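K.L.:
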Amino acid sequence: TEKVEQLEKRCLDLRQMLAEVKGLDRLYNELREQSQKAADQHAKEVLALQMQAQKAAEEAAKAKEELSSSRDACNQKDLQLQALKHKLHQSQQQLRAAERHKTAAVA
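This is the structure we're talking about:
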């Protein structure tokens, strides 16, 4: 009977170990699943950030192009303004010369 008791105790110990192994296996599977979900979520967030970065880069390029275009237009207007100032200066000189000529003719 002592042998039977030892075998029963060993059987009980093995059942307890089996229960612990099953518990650890369940825990491992839960952790693996959580890890996979976290990795999937991280991948989604990275993809979203990459898309945001791409959109921001495209918007920056468009803004740069618009700025360059605006700068070119501003430079063109500045050249036109300089030409008009030059014409105004010439007209003022011609007007003064005409006034001097008129004054000299009257005298």
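If you count the sequence shown from 1, you need to add 2 to reach our numbering. For glycine and all other residues, C-beta sits at the position ideal for the given N, C-alpha and C. From a predicted model like this one, the values you see are computed outputs, not experimental measurements.
Could you give the first and the last residue of the continuous alpha helix (DSSP H) run that contains Ala63?
P.N.:
Along the sequence shown, one-based indexing puts residue 63 at 61. Segment 4 to 108, the alpha helix (DSSP H) holding Ala63.
K.L.:
What's the C-alpha gap between Gln94 and Asp80?
P.N.:
Translated into positions along the sequence shown, residue 94 becomes position 92. Translated into positions along the sequence shown, residue 80 becomes position 78. If I take the Cα positions, the gap works out to 21 Å.
K.L.:
Express the C-alpha separation of Gln8 and Ala40 in angstroms, rounding to a whole number.
P.N.:
Translated into positions along the sequence shown, residue 40 becomes position 38. Translated into positions along the sequence shown, residue 8 becomes position 6. The alpha-carbon atoms of Ala40 and Gln8 are separated by roughly 47 Å.
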